[in-house]
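First residue of the sequence shown? That's 1 in UniProt numbering, and the numbers climb one at a time after it.
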Amino acid sequence: MTVQKPSKMFGNDFGTHKGVECGLCTIIKKEEWVTEIHPIPLVSVDVVASVVHAVSQVEVTQVFINKEEQPIEAIYYFPIDSNGAVTHFEAEIEGRKIKGIAKAHEEAKEEYEKAIESHQTAFLGEENKPDIFKVKIGFLKPGSQAKIVLGYVSEVKNEKDSSAIRFFIPTTVAPRYVPKRLDDEKSEDLKKMQFSESSPAPITIKVNVSIQGEIKTIESPTHKITVSSQGPIPTKENWTKAAIELSGKTTDMDRDFVLLITPTDTHKPRLYLEKLETSLAVMAHLIPSFKLDEQNAELIFVLDRSGSMQGQSIDLAKKALTLFLHSLPADCYFNIVGFGSTYKFLFPKSVKYDDDSLKKAVAHAKELYADMGGTEILEPLKEIFSAESVPGYLRQIFVITDGEVGNTEEVIGITKAKAHESRVFTLGIGDGASHHLVEGIAQAGGGTSAFVTYNEAVDKKVLQQLKDALQPSLTNVQIKWEGVTPLSQKAPATVPINKEKTLMGYGKPVETETVEKSSAVLNDAAPVKKSYLQAPEKVPPIFDGSQLVILGVFDNPEEKPTGAVITADSPDGPLSVQLELSDANDVGQTGMIHKLAAIKVVREIELKVAALGFDRYNVEGDNERKKQEAVYKAEIIEIAVKQGIASKYTSFVAVDTSVDNKTPDNWAMQTRLVPSQLAHGWHGMSSSRMRFMSPSACFRSQSYSSPALSSNTPISFGAPMSYGGGRRKAKLLKSSAAPSAFSFGSASAGGAGLRSTPQLSSLLGSASVCSAQPQMLMRCSAPVTCFGGPIVCDNSDTSCEDYNRSGVDVMLHDALPEKMELCSDDTSEPKDVLHEIISFQSFDGSFKWEDALIQSLGVVINTVKQDAEKNGWDLNAWATALAVTFFSEKLVDQKDSWELVVNKATKWLKKSFPSLVDAMVALAKHHIKST
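What follows is the structure, encoded as structure tokens:
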């Protein structure tokens with residue numbers, strides 16, 4: 001009998017490296033023309049989530065294998081939902097499970113480092129940002145497999161102005177722009193991150209949903225899904241469950257996984273109960289509904305024009321801005337600022353909204369490109385906040401961005417510090433937008449946030465945000481828990497006053513050791529003791545249609561509230577709602593509500609820390625800031641360690657101490673970073689307006705030779721770069737033997753330089769620039785764009801205008817071939833009638849009579865014009881009536897997009913021609929219906 005040797009599962013050849021046994025691998029450039037190939041230690045990721053109305057618990061299992069001959073330290077940065085935090089961390093190695101313990105970050109890091117110095121396998125889980133978690137596996141021995149299981153709890157938001165639940169699982173971290181001046185530990189971490197066009201490992205996703213009432217629909221705008229096991233929960237009356245998983249079982253990690261769960265019943269305010277052995281938690285869940293009179297507003301639109309917005313992102317942003325502009329109320333002021341490495345205001349200061357300013361703004365919006373370099377949003381916000389607002393008009397700021405910002409704490413901090421002066425609303429663009437930045441700014445600024453992926457319509461979300469900005473929010477929100485002991489009040493500490501008429505202390509407190517001791521005893525003896533913990537302590541403003549969640553944790557599990565009353569102030573007086581606690585609303589003993597309450601307390605304190613830096617600017621104030629930050633830090637550590645939560649100041653650590661740590665003398669631990677997959681659409685990749693065509697589509701073979709961009713040359717992702725002239729030729733890099741990981745962050749560049757990238761195939765995807773016989777790269781677009789700016793193409797050399805774009809923008813520009821041609825674009829977009837008609841509207845709501853407008857409405861120009869002459873109607877009024885009728889009759893399903901436009905038009909008609917409106921609309925319906 002012949003015994004065959006087992007074949008190698010993976011045997012890849014990379015240049016001179018033959019038979020490399022691995023799945024995915026990275027190429028690391030050590031010296032010029034010298035590379036090493038190492039397998040990526042991460043081999044699989046499995047995600048299982050449980051969603052119960054407004055709260056979720058997500059478990060992430062990551063498997064790492066060391067396929068090398070030396071021990072390694074595996075480092076992996078991955079995203080989590082910033083509305084929550086990691087509450088569980090467990091490691092498993094060779095069948096041994098080790099529970100991670102939450103400790104102060106410095107203490108956890110020291111324990112981890114001591115363990116690997118002793119050649120023990122150790123695990124460290126730390127929060128870089130609330131939406132970025134970093135895992136380190138130190139001294140993972142050759143051939144060893146390690147499994148990390150971590151869990152996070154988060155709030156699940158509703159889809160604005162509906163009862164639909166919008167649950168998401170982030171899967172990738174987009175490159176973040178880190179300002180040069182930031183050199184703290186976590187900023188340096190961001191600079192070290194590596195990225196690839198390929199997923200580092202396959203990911204599986206399973207979601208279990210439980211809600212009260214029946215489920216109407218379950219959809220995903222981002223992935224193909226399979227819904228199974230949908231039906232009632234036998235043990236819980238009027239509860240429904242469903243199980244969801246990916247149709248393809250696994251997928252890449254290049255975009256958020258988004259799930260929309262729509263209940264059959266309309267929303268009902270509820271109290272949810274969770275009872276543990278030593279405490280009881282209650283969650284008040286409410287989607288308020290109210291309408292208040294609009295307020296006069298000054299609206300400032302802050303548009304991200306950094307390089308990461310190229311492609312579909314900038315297109316969505318331009319569309320959102322244009323719709324904003326046409327939907328503004330007639331009586332308002334506005335301005336537009338674009339930002340990147342620098343920033344530009346359209347007008348020196350906010351201007352009155354009229355026909356002239358509207359035309360300038362719309363023309364400006366059409367010419368916007370993602371051509372301004374890095375993502376420096378802090379400076380334009382400082383200028384906006386420092387400027388005087390228009391008297392009688394409340395300032396509302398709209399930020400439109402993909403959120404690829406490294407200094408999120410500064411941006412959120414200044415917004416929080418200035419929240420009393422302005423409200424801030426945010427729109428996150430793309431498949432990998434930073435939820436921490438987008439939601440964090442809105443929360444700090446007392447506004448609302450929304451997200452739009454590439455497969456979703458932006459119109460509805462834009463209009464909802466504008467409605468929020470034009471309507472007052474409800475403030476001074478209070479909740480009174482019924483049926484529980486009121487808060488005990490602390491007796492104020494009293495210090496005797498010196499009554500002796502002396503120059504040395506008359507009228508001041510007596511400062512004696514005895515008094516100080518007695519005062520301290522009094523303070524210790526009579527602490528402020530609450531009968532419950534409320535999170536958030538200060539409830540944020542309430543907006544129509546935006547979810548409100550308030551949590552209470554009660555020390556005595558036997559003393560549960562019977563209900564709650566929520567009250568809030570409005571311009572029309574206080575509004576309130578009564579909620580009753582029902583046994584049917586018991587969610588069991590998962591601990592999710594308890595954990596979410598603790599997380600919200602920690603996040604609320606972290607927000608105070610972020611705002612400290614913008615409250616004072618003198619030396620004395622800076623000292624006070626540091627003292628206050630130390631107090632907040634100690635408070636966070638105490639809560640987070642006790643509750644087992646990762647935070648700004650706490651991390652998880654686990655050490656395998658059960659094995660002999662004797663190792664061969666020649667072992668030397670090597671660090672391996674797991675690259676993150678670039679988000680879908682990042683820098684325009686895979687977008688409809690900026691796409692790389694396949695060779696079979698419109699490429700023409702051509703051999704070329706061009707020197708590669710040196711990986712030793714730092715490329716600034718933010719600072720302008722000079723090329724000695726206004727135009728430069730695009731160059732194509734040498735073909736690479738294999739895709740390589742690349743990273744941003746050069747010490748000399750202050751962040752976001754290019755490293756470990758002998759070739760840039762990872763940025764150019766599957767286009768044939770990396771093949772043995774490279775093809776000539778050609779792109780189609782209408783109009784043609786060169787990564788954000790116009791490109792001049794002819795049959796000879798092709799150049800791109802230099803817009804002082806830098807960093808990856810420059811890198812991508814230089815990755816283009818020297819010769820380019822245009823091919824015809826056969827895939828024209830369908831005509832957008834809605835936005836075409838809106839473009840004819842004047843600032844005051846009227847539609848000026850133009851033949852092009854009437855043709856767009858589909859009616860006969862001469863016929864309707866004769867009607868106006870016959871009845872003596874003003875042509876602009878008649879055109880407005882026709883347009884309004886067209887929207888309501890032909891575009892009913894797009895009401896969310898035209899509602900504010902029609903409201904403005906209707907107001908103008910009723911104000912200008914009150915006696916003619918009904919007759920005009922009646923005849924307009926006749927014409928529109930007959931088209």
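Cβ coordinates follow ideal geometry from the N, Cα and C atoms, glycine included.
Taking the alpha helix (DSSP H) that residue i falls in, what are its first and last residues?
i: residue 856; result: 851-857
i: residue 310; result: Segment: none, residue 310 is in no alpha helix (DSSP H) and carries neither H nor E.
i: residue 920; result: 917-929
i: residue 470; result: 459-470
i: residue 864; result: 861-871
i: residue 412; result: 408-417
i: residue 603; result: 592-612
i: residue 114; result: 105-117
i: residue 386; result: 378-386
i: residue 440; result: 435-444
Looking at the secondary structure, which residues open and close the beta strand (DSSP E) in which residue i lies?
i: residue 898; result: Premise fails: residue 898 lies in the alpha helix (DSSP H), 895-912, not in any beta strand (DSSP E).
i: residue 878; result: Where residue 878 is concerned, there is no enclosing beta strand (DSSP E), although the alpha helix (DSSP H) it sits in stretches over 875-890.
i: residue 88; result: 84-93
i: residue 65; result: 55-65
i: residue 423; result: 423-429
i: residue 194; result: 194-196
i: residue 355; result: Residue 355 -> not in any beta strand (DSSP E); alpha helix (DSSP H) instead, spanning 355-366.
i: residue 283; result: 280-286
i: residue 565; result: 563-569
i: residue 349; result: Note, residue 349: premise wrong, no beta strand (DSSP E); not H, not E.
i: residue 328; result: It is not in any beta strand (DSSP E) - residue 328 carries neither H nor E in the DSSP assignment.
Pick from the options: whose alpha carbon is nearest that of residue i?
i: residue 388; options: 310, 279, 298, 166; result: 298
i: residue 844; options: 281, 355, 234, 290; result: 355
i: residue 224; options: 670, 206, 611, 213; result: 206
i: residue 445; options: 97, 161, 423; result: 423
i: residue 321; options: 668, 335, 45; result: 335
i: residue 250; options: 286, 199, 230, 275; result: 199
i: residue 954; options: 851, 470, 302, 269; result: No answer is possible for residue 954: the residues shown for the chain start at 1 and end at 931.
i: residue 187; options: 636, 128, 55; result: 128
i: residue 937; options: 55, 51, 151, 907; result: There is simply no residue 937 to check, as the chain begins at 1 and stops at 931 in what is shown.
i: residue 649; options: 280, 634, 455, 658; result: 634
i: residue 97; options: 76, 113, 145; result: 145
i: residue 468; options: 542, 880, 576; result: 542
Residue i to residue j, Cα distance in whole Å?
i: residue 953; j: residue 451; result: The question about residue 953 has no answer here: the residues shown for the chain are numbered 1 through 931.
i: residue 878; j: residue 929; result: 16 Å
i: residue 41; j: residue 413; result: 37 Å
i: residue 544; j: residue 121; result: 52 Å
i: residue 850; j: residue 317; result: 28 Å
i: residue 582; j: residue 448; result: 30 Å
i: residue 580; j: residue 273; result: 11 Å
i: residue 392; j: residue 282; result: 41 Å
i: residue 231; j: residue 215; result: 8 Å
i: residue 537; j: residue 601; result: 7 Å
i: residue 565; j: residue 213; result: 23 Å
i: residue 441; j: residue 124; result: 29 Å
i: residue 443; j: residue 417; result: 12 Å
Apart from the five residues just before and just after residue i, which ones in its own chain have a Cβ nearer than 7 Å to its Cβ?
i: residue 484; result: 531, 532, 554, 559, 561
Give a single yes or no on whether residue i has its beta carbon closer than 8 Å to a heavy atom of the ligand GTP.
i: residue 180; result: Here there are no bound small molecules, and the ligand GTP is not part of this structure.
Taking Cβ positions only, does residue i come closer than 9 Å to chain D?
i: residue 855; result: Of the protein chains in this structure there is only one, and it is not chain D.
Residues in its own chain within less than 6 Å of residue i by CB, not counting five upstream and five downstream?
i: residue 794; result: Note that residue 794 has pLDDT 34, beneath the 50 cutoff, so the model's placement of it is unreliable and the number below is only indicative. Excluding positions up to five away in sequence, the list is empty.
i: residue 2; result: Only weak support exists for where residue 2 lies, its pLDDT of 40 falling under 50; the coordinates are left without a value.
i: residue 827; result: In this prediction, residue 827 scores a pLDDT of 42, lower than 50, which makes its location untrustworthy; no coordinate-derived value is stated.
i: residue 209; result: 51, 242, 261
Which same chain residues, not among the five before or five after residue i, have their C-beta less than 8 Å away from its C-beta?
i: residue 6; result: Residue confidence is low: residue 6 scores 37 on pLDDT, short of 50, so the model does not pin down where it sits. Its coordinate-derived value is still stated next. Excluding residues within five positions, none has a Cβ falling inside 8 Å.
i: residue 248; result: 224
Would you call the segment 123-142 and the segment 62-74 touching, i.e. three or more CB-CB distances under 8 Å? yes
Pairing CB atoms from the segment 253-264 with CB atoms from the segment 218-236, are three or more of them under 8 Å? yes
Do the segment 336-343 and the segment 417-432 touch if we need at least three Cβ pairs shorter than 8 Å? Output reads no: the segment 417-432 does not touch the segment 336-343.
Touching or not, the segment 667-684 and the segment 166-176, by the rule of three or more beta carbon pairs under 8 Å? The way I'd put it, the segment 667-684 does touch the segment 166-176; three or more beta-carbon pairs between them come closer than 8 Å.
Stretch pair the segment 638-654 + the segment 371-379: three plus CB contacts closer than 8 Å: no
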